[in-house]
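Residue numbers (my numbering): 299 to 659.
Built from N, CA and C at the ideal position, the CB exists for glycine as well.
Please read all numbers here as calculations on a predicted model, not as lab measurements.
Structure first, then comments.
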Ligand SMILES: NC(=O)c1ccc[n+]([C@@H]2O[C@H](COP(=O)([O-])OP(=O)(O)OC[C@H]3O[C@@H](n4cnc5c(N)ncnc54)[C@H](OP(=O)(O)O)[C@@H]3O)[C@@H](O)[C@H]2O)c1
Ligand SMILES: [Zn+2]
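Quick look at the structure:
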């Protein structure tokens, strides 16, 4: 797998899903407070990408507007504004466009295309995965994609998006000649495989919706929630504090539990699974998130969490920290994998689990 930047799509739309109207004038969808939110997101990114037609139609500057944010970036050793990036098949870009006026720009175009600015030749056609790999090679870790329709559609249908910020303005455009958020297409997120909604915020009368799209971001979201849950465990000198959450294939939470939730030596996974009907058909598509590797050996009870997970028919387990051999030597991950369960370890979240259990480790 080639590494790619974290890809955040950002878009403002009308209630009926349009990004603009059909006139030559740019339609104002956001309000000042929402623009300020977008500015903060821009300031957090290494690069901003728009499609060539947005440059032709809207002539955006794509700069960080706030002087304080620009100063903060410079103090961190970064340029005042992110690198500006565009993709084009035609190469039809005006060198006097605001895009080319300041800062650093990159134009991804097919071989032999004459474009203004620094052009990266991409072979016969511009492949988005290759663009992202090239950006990663230039040190871009976080990319903001600001549209328009063709560009959002291309990133989404290719499954190359981690997060979506959709700001909805409270009015209708009502003209199908206007550009929509996306074109028709086959999207990885549909009725049977939904995106994960993580936030809705009212910004004046604009509604910001924040969704996680990629499996890796969805996994991090739920695993962080499981770690947060583990802080509720009653203290113990002989057992770890663990949180566990069972989530179905649609991204709906089925149950959650934490160590010693109902007293005694109860484990987090056990507490969560005890709240579910073993015949629940949703378990067959579920994932269990556990801050600590499920136990494979256990001093206190007849059944290990590994056995409970296998018996429940849960096909996927995500955890942060391997069970330290403090109390028993677990090997839960190996036993689960041997039982046909997909096991995902996210070790970069392990320090947070160690922190919760610092007295024991
Ligand atoms: N509300 C918002 O948040 C927002 C944000 C941005 C834009 N907009 C609106 O969106 C509209 C523009 O949307 P749009 O779909 O026409 O334009 P777009 O997505 O900005 O640009 C499309 C163009 O990008 C290039 N492109 C896209 N994917 C490519 C690929 N895989 N390989 C090579 N080139 C690729 C092509 O450029 P060439 O044509 O040069 O070959 C293509 O025609 C405007 O009305 C603008 O106001 C709204
Ligand atoms: Zn256990």
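### Message
Bridge partners for residue 403 per DSSP, in chain order?
### Response
382
### Task
Return the CA-CA distance between residue 546 and residue 451, expressed in angstroms with no decimal places.
27 Å
### Message
I'd like the ranges of any beta strand (DSSP E) spanning at least 3 consecutive residues and lying wholly in the segment 555-618.
### Response
The qualifying runs are 585-590.
### Query
Skipping 5 residues on each side, what residues in its chain have a beta carbon closer than 8 Å to that of residue 409?
419, 420, 421 and 422
### Where residue 429 falls: helix, strand or coil (DSSP)
helix
### Task
Check whether the Cβ of residue 603 sits closer than 8 Å to any heavy atom of ligand 2, and report yes or no.
True, at least one ligand heavy atom lies under 8 Å from that Cβ.
### Query
Exposed or buried, what is residue 503 when buried is set at 16 or more other beta-carbons lying within 10 Å of its beta-carbon?
exposed
### Task
Report whether the distance from the Cβ of residue 519 to the nearest heavy atom of ligand 2 is below 8 Å.
no
#### Entry: Proximity of residue 654 and residue 598 at Cβ, strictly below 9 Å
no
### Message
I'd like to confirm something about residue 640: is its beta-carbon nearer than 8 Å to some heavy atom of ligand 2, or not?
### Response
In this structure, residue 640 has its beta carbon at no less than 8 Å from each heavy atom of ligand 2.
### Message
Across the segment 482-493 and the segment 504-516, are there enough close Cβ pairs to call them in contact, namely three or more that are closer than 8 Å?
### Response
Yes, the segment 482-493 is in contact with the segment 504-516.
### Check: residue 450 C-beta below 8 Å from any heavy atom of ligand 2
Result no, Cβ not under 8 Å from ligand 2.
### Message
If you follow the beta strand (DSSP E) that residue 641 is in, where does it begin and where does it stop?
### Response
640-643
### Message
To the nearest angstrom, how far is the alpha carbon of residue 436 from that of residue 391?
### Response
Spanning the two alpha carbons is a distance of roughly 23 Å.
### Query
For residue 506, which beta-bridge partners are listed by DSSP?
465 and 499
### Query
By the 10 Å Cβ neighbour count, where 16 or more other Cβ atoms means buried, how is residue 320 classified, buried or exposed?
Result: exposed.
### Message
Closer than 8 Å is the cut-off here; do at least three beta carbon pairs connect the segment 362-381 with the segment 463-473?
### Response
Note that the segment 362-381 does not touch the segment 463-473; fewer than 3 beta-carbon pairs, one per stretch, sit closer than 8 Å.
### Message
What I want to know is whether the C-beta of residue 353 ends up closer than 8 Å to one or more non-hydrogen atoms of ligand 1.
### Response
yes
### Task
Grab the span of the beta strand (DSSP E) containing residue 413 for me, first residue to last.
Neither: residue 413 is in no beta strand (DSSP E) and is coded neither H nor E.
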